[in-house]
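The opening residue of the sequence shown carries number 3 in this note's numbering; numbering runs sequentially from there.
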Amino acid sequence: MRMYKEKVKSRLLANQMLFIGMSLAGIYWLLDSFLSLFLSAEDTLLERMIGIDLNEIWMRIIVLCLFAIFGSHTQYIMNERRRLSLKAERDAATRERFQRLLSPDLAERVVSGALMVEKGGESVEATVMFADIRGFTAISENTEASEVLQLLNEYYECIVDVVFQHEGTVDKFIGDAIMVIWGAPVRHEDAPYRAVKAAVEIQHALVVFNQRRQEQGKVPIEVGIGINTGELVAGYIGSSRTMSYSVIGDTVNTASRLCSAAKPGQIIISDTTSIALPVQINVGPLEPLK
3 MRMYKEKVKS RLLANQMLFI GMSLAGIYWL LDSFLSLFLS AEDTLLERMI GIDLNEIWMR
63 IIVLCLFAIF GSHTQYIMNE RRRLSLKAER DAATRERFQR LLSPDLAERV VSGALMVEKG
123 GESVEATVMF ADIRGFTAIS ENTEASEVLQ LLNEYYECIV DVVFQHEGTV DKFIGDAIMV
183 IWGAPVRHED APYRAVKAAV EIQHALVVFN QRRQEQGKVP IEVGIGINTG ELVAGYIGSS
243 RTMSYSVIGD TVNTASRLCS AAKPGQIIIS DTTSIALPVQ INVGPLEPLK
């Protein structure tokens, strides 16, 4: 509240600078007239205010103009600083919001305007990935709550780095599962390829992650991953008080089912994702899910 009042006072002061400059000019004019009146008993106050010769009149007009220029210039400078300050605040808020979804580089491009993000709901083709820790319930039942949280934080730190390297969007964390999108809100022509590459690198990164855990005498973790590509609805979801970017549709549901069917260390992708991959990526067929 105090900061808000200070901003209001600063805004009022900035908008009144021209008036302040003109007022100072008027005060100067009156003081100069009174001083001249005391120095000369022959002239009246009106004569001294108007000026008794052309040079004196011009001098006062010039001073009046200088004060007016000073006031208007100061008002412009203060308004410009206020505009830049408000822009910096908006950019900081935008940067903080998008850094929760996007990699720092992409978030900076959104803030700078180099990358456009549609804020309305829209139908897009995107690739969705779910990654879920297998046997997490048993781990959490036999581990202190603080250690479970530490495990999740270290695990997410590991895989989110991989996701951001491939410019994925972290949609949400669901307990021990993570949902990631490629193709929304940032468009990628090779979204399926990015998702699969990220999934493979996540499994590789977990090998190193588990080696560290075993050296510390901790239980290793295994992750199943499901990926699907297709049409979905993307946009901001929530109430007027709080909203978050997300995607909904059968494409999301199918990706979640594939993740549930994946065995520890396995990556299951849909046919629509497989078709969009380059030929150098080897995939093997699986039985259809029931």
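Glycine residues also receive a C-beta, built at the ideal position from the N, C-alpha and C atoms.
Distance between residue j and residue i (C-alpha atoms, nearest Å)
i, j, result
"G251", "V165", "22 Å"
"S276", "V254", "16 Å"
"V150", "I176", "14 Å"
"H168", "R196", "6 Å"
"A90", "W184", "29 Å"
"N212", "R83", "52 Å"
"E191", "Y247", "20 Å"
"A200", "S258", "17 Å"
"E203", "G240", "33 Å"
"V182", "N81", "42 Å"
"G228", "Q205", "12 Å"
"V172", "E159", "12 Å"
"A207", "E146", "25 Å"
"L88", "P290", "55 Å"
Buried/exposed call for residue i, threshold 16 Cβ in 10 Å
i, result
"N230", "buried"
"L153", "buried"
"A186", "buried"
"I135", "buried"
"G226", "buried"
"T139", "exposed"
"P266", "exposed"
"D273", "exposed"
"L234", "buried"
"G286", "exposed"
"Y157", "buried"
"P194", "buried"
"L260", "buried"
"V126", "buried"
"I1", "Residue 1 is absent from the structure shown; the chain starts at 3 and stops at 292."
Boundaries (first-last residue) of the alpha helix (DSSP H) holding residue i
i, result
"A147", "A147 to Q167"
"A207", "A193 to E217"
"I141", "F138 to E143"
N- and C-terminal bounds of the beta strand (DSSP E) containing residue i
i, result
"I239", "E224 to G240"
"D178", "From DSSP, D178 is part of no beta strand (DSSP E); its letter is neither H nor E."
Cutoff 7 Å: residue i Cβ touching any chain D Cβ
i, result
"S258", "The structure shown contains no chain D; it is built from a single protein chain."
Contact test: residue i Cβ vs the ligand SAH heavy atom, cutoff 6 Å
i, result
"L86", "The ligand SAH is absent from the structure shown, which contains no ligand whatsoever."
_Residue ranges of each alpha helix (DSSP H) within the segment 240-279, 4 or longer_ = For the segment 240-279, whole alpha helix (DSSP H) runs of length 4 or above, ordered along the chain, are 252-263 and 273-277.
_Any 3 or more C-beta pairs closer than 8 Å across the segment 211-225 and the segment 277-291_ = Contact between the segment 211-225 and the segment 277-291 is absent: fewer than three C-beta pairs spanning the two stretches fall below 8 Å.
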